[in-house]
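Shown next, in structure tokens, is the structure this report addresses.
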Amino acid sequence: MDFLIGLLQAILQTALSPITAAFVLAAIGLNIHFGFTGLMNMGQAGFMLVGGYGFVISVMGGLGFFPSILISMLAAALFALLLGIPTLKLRGDYLAIVTIGAAEIIRMTARLANLSPITGGPSGIQSPQFREEFNALSPLPEGRTSFLSLDYVNTGVDDWWSRIVAWGLVILFLIVTWLLMRSPWGRVLKGIREDEDAVRSLGKNTFSYKMQALMIGGVMGGFGGIIMAFPAAINPDGMGRATTFNLWMIMLLGGAATILGPLLGSILFFVVRLVITSVAGEFVPDSILNAQQTEIVSWILIGLMLMLLVIFRPQGILGNKKELSFNV
Numbered sequence: 001m002d003f004l005i006g007l008l009q010a011i012l013q014t015a016l017s018p019i020t021a022a023f024v025l026a027a028i029g030l031n032i033h034f035g036f037t038g039l040m041n042m043g044q045a046g047f048m049l050v051g052g053y054g055f056v057i058s059v060m061g062g063l064g065f066f067p068s069i070l071i072s073m074l075a076a077a078l079f080a081l082l083l084g085i086p087t088l089k090l091r092g093d094y095l096a097i098v099t100i101g102a103a104e105i106i107r108m109t110a111r112l113a114n115l116s117p118i119t120g121g122p123s124g125i126q127s128p129q130f131r132e133e134f135n136a137l138s139p140l141p142e143g144r145t146s147f148l149s150l151d152y153v154n155t156g157v158d159d160w161w162s163r164i165v166a167w168g169l170v171i172l173f174l175i176v177t178w179l180l181m182r183s184p185w186g187r188v189l190k191g192i193r194e195d196e197d198a199v200r201s202l203g204k205n206t207f208s209y210k211m212q213a214l215m216i217g218g219v220m221g222g223f224g225g226i227i228m229a230f231p232a233a234i235n236p237d238g239m240g241r242a243t244t245f246n247l248w249m250i251m252l253l254g255g256a257a258t259i260l261g262p263l264l265g266s267i268l269f270f271v272v273r274l275v276i277t278s279v280a281g282e283f284v285p286d287s288i289l290n291a292q293q294t295e296i297v298s299w300i301l302i303g304l305m306l307m308l309l310v311i312f313r314p315q316g317i318l319g320n321k322k323e324l325s326f327n328v
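Residue numbers (full-length UniProt numbering): 1 to 328.
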């Protein structure tokens with residue numbers, strides 16, 4: 001019974017974690033790219049790095065919190081512009097190749113020892129160095145607060161303020177995405193995804209629409225990078241190829257081209273991993289599986305579950321099979 005209670009509490013902590021919210025934000029952006037527009041962006045982690053570092057470096061340079069947010073958004077939008085100009089007139093696989101390479105270029109550049117005074121190099125930048133501006137905005141009183149068996153400081157490193165802002169952004173971006181996809185602009189994006197030539201024949205500038213979608217989804221990914229940096233640090237290796245892979249898994253799990261798919265997929269992704277490792281750690285002896293091996297097994301099982309999901313329910317948990325006609 002104690003194990004079950006502890007597991008339920010750990011699940012709640014994971015579901016409300018800022019890291020989970022950061023992945024939801026980045027997955028919403030990826031869903032705009034692929035789910036609604038059909039753009040094969042395989043480098044969403046690159047947008048997270050650009051947005052995150054744009055914010056962190058600006059704050060540490062003394063620009064203030066809100067100007068730094070603007071710099072982060074502009075950096076992510078510029079990154080999308082540089083990626084999109086040479087590739088968006090081509091088919092989706094070319095965009096996939098370019099985005100993978102571009103994200104790796106950003107990651108390896110941030111790791112350069114010569115840039116350590118700016119980016120922190122391979123070790124990154126610890127959050128206490130750039131959180132002061134964020135913490136100063138907190139309206140919460142000093143001290144700790146308990147809620148639903150969760151107990152955190154109101155404002156600090158692992159705090160309620162970060163969670164409120166992170167999940168507030170998730171709600172905001174979900175509403176924005178819902179409104180955009182119900183608008184004529186969103187319907188054009190879906191038309192491009194299903195048959196770009198038909199949309200072009202109606203006189204629509206499909207290149208412009210795809211560029212707008214790439215920039216909007218990239219900015220959302222940048223916000224995911226900012227939120228991901230708050231709990232501990234911004235680190236180039238923390239937003240690498242594995243992060244993009246996890247984002248694709250989250251989007252496909254929840255359902256591409258759905259509003260709530262990224263939210264459900266992200267929570268399930270982290271909770272399933274937690275349940276697998278917790279149950280194995282509790283009931284499987286170390287002589288059979290130690291902690292490191294359990295972590296590896298959890299990834300294997302998640303991969304198998306994703307394969308089964310794609311085979312038997314390719315639209316994801318919330319998806320609609322009619323939304324799977326991608327012109328890529």
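Every residue gets a Cβ at the ideal spot worked out from N, C-alpha and C, and that includes glycine.
Buried or exposed for residue i, going by 16 or more other Cβ atoms inside 10 Å?
{"i": "S287", "result": "exposed"}
{"i": "M1", "result": "exposed"}
{"i": "E196", "result": "buried"}
{"i": "G64", "result": "exposed"}
{"i": "K89", "result": "exposed"}
{"i": "I106", "result": "buried"}
{"i": "M307", "result": "exposed"}
{"i": "W160", "result": "buried"}
{"i": "P262", "result": "buried"}
{"i": "V56", "result": "buried"}
{"i": "V188", "result": "buried"}
{"i": "residue 329", "result": "Because residue 329 is not part of the residues shown, which for the chain are 1 to 328, the question remains open."}
{"i": "V170", "result": "buried"}
{"i": "M211", "result": "buried"}
{"i": "R91", "result": "exposed"}
{"i": "M42", "result": "buried"}
{"i": "I311", "result": "exposed"}
Do residue i and residue j have their CB atoms nearer than 7 Å?
{"i": "L81", "j": "T87", "result": "no"}
{"i": "I259", "j": "A15", "result": "no"}
{"i": "I234", "j": "G52", "result": "yes"}
{"i": "S162", "j": "P67", "result": "no"}
{"i": "R144", "j": "V157", "result": "no"}
{"i": "M220", "j": "F173", "result": "yes"}
{"i": "G54", "j": "A77", "result": "no"}
{"i": "I32", "j": "G217", "result": "yes"}
{"i": "L30", "j": "L247", "result": "yes"}
{"i": "G38", "j": "R193", "result": "yes"}
{"i": "L214", "j": "G84", "result": "yes"}
{"i": "I317", "j": "L301", "result": "no"}
{"i": "I227", "j": "A166", "result": "yes"}
{"i": "F79", "j": "V50", "result": "yes"}
{"i": "A21", "j": "S127", "result": "no"}
{"i": "T155", "j": "L140", "result": "yes"}
{"i": "A257", "j": "F36", "result": "yes"}
So, helix, strand or coil for residue i, using DSSP?
{"i": "A233", "result": "strand"}
{"i": "Q126", "result": "strand"}
{"i": "D159", "result": "strand"}
{"i": "N327", "result": "Here the model assigns N327 a pLDDT of 45, short of 50, so the residue's position is not dependable and the matter cannot be decided."}
{"i": "Q315", "result": "coil"}
{"i": "N205", "result": "coil"}
{"i": "S138", "result": "coil"}
{"i": "L95", "result": "helix"}
{"i": "T37", "result": "coil"}
{"i": "T109", "result": "helix"}
{"i": "I259", "result": "coil"}
{"i": "R131", "result": "coil"}
{"i": "L90", "result": "coil"}
From which residue to which residue does the beta strand (DSSP E) around residue i run?
{"i": "R144", "result": "R144 to F147"}
With residue i as the anchor, note down where its alpha helix (DSSP H) starts and where it stops.
{"i": "V284", "result": "Premise fails: V284 is in no alpha helix (DSSP H) and is neither H nor E."}
{"i": "D151", "result": "From DSSP, D151 is part of no alpha helix (DSSP H) but of the beta strand (DSSP E) over L150 to V153."}
{"i": "K190", "result": "P184 to S201"}
{"i": "residue 334", "result": "In this structure the chain extends from 1 to 328, so residue 334 is not present and cannot be described."}
{"i": "S116", "result": "S116 to T119"}
{"i": "G51", "result": "Q44 to M60"}
{"i": "L289", "result": "Neither: L289 is in no alpha helix (DSSP H) and is coded neither H nor E."}
{"i": "S72", "result": "F65 to T87"}
{"i": "residue 357", "result": "Past the boundaries of the shown model lies residue 357; the chain is included only from 1 to 328, so the question cannot be answered."}
{"i": "P18", "result": "P18 to L30"}
{"i": "I250", "result": "R241 to G254"}
Any heavy atom of the ligand COA closer than 6 Å to the Cβ of residue i?
{"i": "A256", "result": "Questions concerning the ligand COA fall outside what the structure shown contains, since it holds no ligand whatsoever."}
Stretch pair the stretch 100-113 + the stretch 29-47: three plus CB contacts closer than 8 Å: yes
Touching by the beta-carbon criterion (3+ pairs, under 8 Å), the stretch 251-266 and the stretch 106-121: no
Three or more C-beta pairs below 8 Å linking the stretch 2-17 and the stretch 180-195: no
The stretch 274-284 in contact with the stretch 18-35 per 3-pair CB rule at 8 Å: no
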